[in-house]
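Only one structure is covered here, and it is reproduced in the block below.
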């Protein structure tokens, strides 16, 4: 008996298993081995049990080296992959070429004869196999011409020219193996909904086939005139094309490409219950790679089962019938967009808002976008292309005024349901029967969940009595066939914002309320498509799977079969991936605003000049001049709060370097220059600023911003502005000002060409709205990489495309690894200088921006803190981590080299990292497990030390509940996040709703909502671990976060305050001593900086909230500009509450700037009084909670402004029957709210410092 082993590192075709029986008749035993059984294969080779080995793995695959080291003992060896070493195979090159022909294309007959050829048994020659064609389960044969297939359809009376056409791409292997159950069900489901199916099977991409028709046979079939598709349904995994450039073929076919998925390890029933939806391993091949080619709307259409007695790798596909029906319904929706005239189309445009910061204040909020001017521009372009838009306002301000005057939004602090009805903001009132017709179609699990959370219809919120019957109010404005609506509230109810009505604070997994579902049901029934306008809303963050949703996921329920289009800022890829994978979004990306360095003016400019003079005097050894400058420096430093009070000349001189560093950081701070208007080309000044901001990361062949500025004839003025002036001269028709016009001719040609190319690409922003209109016609939207220009991502241009994110499996990059090691060393050096020792434990807040904007710098930092390094494969992929020897962990501090220990890390990840970057979590978990098990002294290995301490605690507390193995697993968890399907640390919501009294309340909110552990194995996805997290945080000595891009800092995103600030607050409360807070910044090339958080918050305040240039740019955008001011002050309040690092002078300065300054106060009062009310309320709350030790005069100014605003807003409301909260702050904590159940309590924990 001859034994053949076939080894495949990924997925073995069923045909290999089907060959076993026919080979037995010839005395040959065939055993198939996969990656999971590699150890068994190696053992059998060592035992001499394998006579022949055949493999199609490549030499760079994991595990190959182990196999290669022992395989020489096998007498007959065949490497089917040409990339294997030459000596792997025992056949000559001509023989090997002949053998490989048998296995080149999947064929049971050829494979069998190929194995016979290898074993020396009589065999037939290799026969040609056609690996493409048109498949239909009812057809008597495979078709190779579209016209023949059409004739067959006509013969069975299945053909109707009015039917939509779904073109399906599936892999040839399904036909070859006879595993088409899900395809058959899909075709039947499509036909049952009146959709024609054109199903083409095709083999894998061949590098040797150059013509598109032979390289991608489906392209030829779909290009034939006989049957033209309305939608492509892609059932292929991985890359759709060999190169990015070839996606131009999809532009030619010009239809949407929907991604269909088959789950290879879970049955349909198991998949429905699975909180993940798609494994981390499948994420790359099933989503990441197809997204590179503009593939959209991933949907799982089949699961798999293994029949009893069959090999584990041999599975049978089982269709998920509900999902297949949803595919058919969505195809019809897409086809309707292609076939309806624009005049017939009905479109809903949903504006975002942030209820936690005031529905009235935040309506239309969108990152970097002037929402209302953008929307008016879009409506006018829709009118020009034939849409029925009725009478649309002339300006964005007029549109906003209509929304506010009619109260076409949800009830909140200053809005009641009866006011909405009275003022005309209601589109429709949905009664019990109408709602029940929709609600009754939902899965019983969903119905039970909604009613358990909110009660029976109508639940709570937006309820109105219609003809004596209760109804839910659907609000918005109608312009012909276009609805302009605001997104309903997702987790709270009523005309209030407090700890009682903020139900999502009590339970982050709470279902959206009846009003949410009613609103989206109305949209589904009355429109052909929905546009969610601007980044970002709540829909994609509803409870459900992390990707590829089911009919139990509320994002899927909300959208139903509607196409969802999403204008989205180009530089937030993490959030964008959530919108694509959990919100079914077709992204239409848009430019960011132009960014410029913060302008230095007034006292700051004077301070900078004094410091410059002092430095120059020092360079000239002029001590007299230096001493004379100290008094002026001291006066300005005290005035600007860089110095609390004068502490002598010696101390002042010691501070000069710190002052200079702080001023430099302010000058380097990039602030937005206005907001972008969707579909509008920026002005030449903005274009020049964008091009200039990209220079520093554009490559070594181009000058830096500073080098370009040095070429400017004028040597004074801002460096950035001088460089931008030269760029403007290069790209403008007029060739710039006279003083630089002559310079342009002398500049290098490649620099001028680069600037002009960049400027032309930026100017193509006019195509953004055109792209959206094409999408509404059911056309293909091209793909592009997401990112920011200042980070060097030039491929993001032009905008108006469906962006995708970088491949996370190649992270951390080599460059990020270098930066991460530097960050780790600097952090430890800073702590050592402050404390005279190294920290035992650091708490780090890890965000998706680390992956998508800095390629894993912070991931690398965590690795190096623990003393591990990434293991990189020859193809660049990171497959694991390896332990670094303790002797390599050295630091030089003050010229003294010292060994340092492995540092323990407690890692808090956002929900986006958890769901979109699972690779990071897996690597971190493996790193902790490795380091925890190294036999090293406790004082040198803090990870092991704390793991052992956790284990001892678990043995005391849970020995009767957990096995020894389970306790060891639990003790090694270091990565935590919110519960699966949720996206909140709890702290932000508690602060927004004023639902806290002290640090203990914030710690409880944080631990309860963030206390879920995540590991590398599927069973470790979201294990409840509240006490485990609490014990880890009690050891944390530093809470740490890193800024990854110049565009967004500590005040731009309140999530930073909720997560990193929440971690600091919880750690302080649990340890009983104030936890340090560090902020890292790698946004300036070549300058890695870690500083105290207090310095960072003051830099941000000075460069934005107190900066004249930034304030001026906000004023240019009226309502949304005031919204931006209020949002940042609200974030500042959160940082103050969680870290206690906001000094009184910061609040004082804000009051002086926005309240005491009559011009600014009246601007906000006129443009957005709700924003000014939010500011005054938060300032008063800060004072009441002891966060701001206010001067009585300033406090009175705030009170007076608050009273004035209260009168203004009450007058706006008028006479209403219902109560509303208004400016009142009502404090309800978990102690006062019965429904708010805390699983983990601070009881018995020691108080932290105030």
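Numbering (this note's numbering), first residue to last: 299 to 1548. Every residue, glycine too, gets a C-beta built ideally from N, C-alpha and C.
C-alpha of residue 588 to C-alpha of residue 657: approximately 37 Å in a straight line. Residue 865: not part of any alpha helix (DSSP H); member of the beta strand (DSSP E) spanning 862-867, first to last residue. Counting of Cβ neighbours within 10 angstroms places residue 791 among the buried residues, the total reaching 16 or more. A direct Cα-Cα distance of roughly 51 Å separates residue 1197 from residue 653.
Here the alpha carbons of residue 557 and residue 902 stand approximately 55 Å from one another. Cα atoms of residue 709 and residue 1171: separation of roughly 55 Å, rounded to the nearest angstrom.
In this structure, residue 1110 places its C-beta atom within 7 Å of the C-beta atom of residue 1158.
C-alpha of residue 351 to C-alpha of residue 391: approximately 17 Å in a straight line. About 6 Å separates the CB atoms of residue 594 and residue 554; that is less than 8 Å, so the two are in contact.
Secondary structure within the region 493-549: the beta strand (DSSP E) runs of 3 or more consecutive residues, fully enclosed, are 494-500 and 529-532 (chain order). Within the same chain, and ignoring the five residues on either side of residue 1028 in sequence, the residues whose Cβ sits closer than 6 Å to its Cβ are 1042, 1050 and 1053. Taken atom to atom, the span from the alpha-carbon of residue 749 to that of residue 755 is near 8 Å.
Taking the C-beta atoms as reference points, residue 552 is found no nearer than 7 Å to residue 971. Judged by DSSP secondary structure, residue 1320 falls within the beta strand (DSSP E) whose first and last residues are 1319-1322. Nearest C-alpha to residue 1508 among 988, 1401, 1467 and 1030: 1467.
Exposed is the label assigned to residue 324, since fewer than 16 other Cβ atoms lie within 10 Å of its Cβ. For residue 1500, the three-state secondary structure derived from DSSP is helix.
With contacts defined by Cβ atoms closer than 7 Å, residue 1106 and residue 1149 form a contacting pair. Taking C-alpha positions only, residue 1515 is separated from residue 716 by approximately 7 Å. Per DSSP, residue 1111 lies in no beta strand (DSSP E) segment and is marked neither H nor E. Between the C-alpha atoms of residue 1316 and residue 1262 there is a straight-line separation of about 20 Å. Within the DSSP bridge table, the entry for residue 304 names 330 and 352 as partners. Taking a contact as a CB-CB distance under 8 Å, the pair residue 1025 and residue 986 counts as one, their CB atoms being some 5 Å apart. With a 10 Å radius around the Cβ and a threshold of 16 neighbouring Cβ atoms, residue 743 comes out exposed. Distance from the Cα of residue 1502 is smallest, within the candidate group 1491, 1471 and 543, for 1471. With a cutoff of 7 Å on beta-carbon distance, residue 1310 and residue 1284 are scored as not near each other. For residue 880, the closest alpha carbon among the candidates 456, 416, 1279 and 500 is that of 1279. Annotation for residue 1030: 982 place their beta carbon closer than 7 Å to its own, counting only its chain and skipping 5 residues before and after. Contact check for residue 450 against residue 465 fails: the beta carbons are separated by 7 Å or more.
In this structure the region 793-806 does not lie against the region 1230-1241, because fewer than three pairs of beta carbons, one per stretch, are closer than 8 Å.
Within the region 1241-1314, the alpha helix (DSSP H) runs of at least 4 residues that lie entirely inside it are, in chain order, 1262-1269, 1285-1290 and 1297-1308.
Under the DSSP assignment, residue 1452 falls outside any alpha helix (DSSP H); it carries neither an H nor an E label.
A residue is called buried when at least 16 other Cβ atoms come within 10 angstroms of its Cβ; residue 1151 meets this threshold and is buried. Residue pairing from DSSP leaves residue 1068 without any beta-bridge partner. Rounded to the nearest whole angstrom, the C-alpha separation of residue 1348 and residue 1418 is 19 Å. Of the candidates 1504, 1524 and 1297, the residue whose Cα lies closest to the Cα of residue 1541 is 1297.
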